[in-house]
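Some notes on the structure that comes next.
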Amino acid sequence: MTTPLLSLTDIHYTYAGTTMPALTGANLELFPTSRLGVLGHNGSGKTTLFLAAMGILTPNKGTITYAKSQLKTEKDFRLLRSEIGYLFQRSDDQLFSPTVIDDVAFGPLNLGKTPEQALRIAAEKLSLVGLKGFENRITHKLSGGEKKMVALASVLAMQPKALLLDEPTNDLDPDTRERLIHILKNLDIALCIISHDWDFLDRTCTSFLSVENGETKATEFIPHTHIHTHQGGNVTHKHE
0 MTTPLLSLTD IHYTYAGTTM PALTGANLEL FPTSRLGVLG HNGSGKTTLF LAAMGILTPN
60 KGTITYAKSQ LKTEKDFRLL RSEIGYLFQR SDDQLFSPTV IDDVAFGPLN LGKTPEQALR
120 IAAEKLSLVG LKGFENRITH KLSGGEKKMV ALASVLAMQP KALLLDEPTN DLDPDTRERL
180 IHILKNLDIA LCIISHDWDF LDRTCTSFLS VENGETKATE FIPHTHIHTH QGGNVTHKHE
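Read in order, the letters of the sequence shown are residues 0 to 239 in numbering that gives the first Met the number 0.
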């Protein structure tokens, strides 16, 4: 049986100053070939699960394992962070350099690439996400969708083994959303995607995890909206 690349087991977490747990016995397994979509209402615990996976917050209880090693300390998570790319829900939380090329080249430089190598990789990833020619643009002046794709390029520049993507279609126009779908479908790495965009998940993922009130369960169900023609005309309604 294939060993998970990343696993979170029986994760419990309550934010300081609150009494309601954000996660209650949550579980997640990501295999090298996984394309896992994560579903759930706002506040259900999805982002908290990703933050725990990346070691950004420390669970009150539970185990996190990466590459067969259990992770407990900040030092333990260094390998994981160098090999798993995390796209934040808010791009402004991820981008901090003056220019686009500086942001995208930062990861490769941090992993030991030479400046020349880092710039070459950064230029390649910017071209991949449709931002060729943006190298010297000022990052904080970009649109929300442009920032999102710069953040994706910066994550891809680290040549990760897996991606955790939190609401990656936020702020994207239809053409850029289609480009993102094309990029993800052609990546030969593990994907784990949080999204309220059900059509996007249906087109990029092959298995699904539901998060509700901090608990997780595997599901084959994707909520979706159909438009049917009835005698009274077109009526939009959601299937639950």
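Quick reminder that beta carbons are idealized off the backbone N, C-alpha and C, glycines included. The model shown is predicted, which means the values in this text are computed figures rather than measured ones.
- A straight line joining the alpha-carbon of Asn41 with that of Ala104 spans about 33 Å.
- Burial state of Glu28 is buried, judged by a 10 Å Cβ sphere holding 16 or more other Cβ atoms.
- Under DSSP, Ser68 forms a beta bridge with Tyr65.
- In this chain, the alpha helix (DSSP H) harbouring Arg80 covers 76-82.
- Here Phe105 carries a helix assignment [DSSP, helix/strand/coil].
- Between the alpha carbons of Ala217 and Thr113 lies a gap of roughly 43 Å.
- The continuous stretches of beta strand (DSSP E) do not include Leu151, which lies in the alpha helix (DSSP H) extending over residues 143-155.
- Ile137 counts as exposed, since fewer than 16 other beta carbons sit within 10 angstroms of its beta carbon.
- As computed with DSSP, Ser6 is found in a beta bridge with Glu28, Thr64.
- Asp170 has its alpha-carbon roughly 13 Å from the corresponding atom of Leu151.
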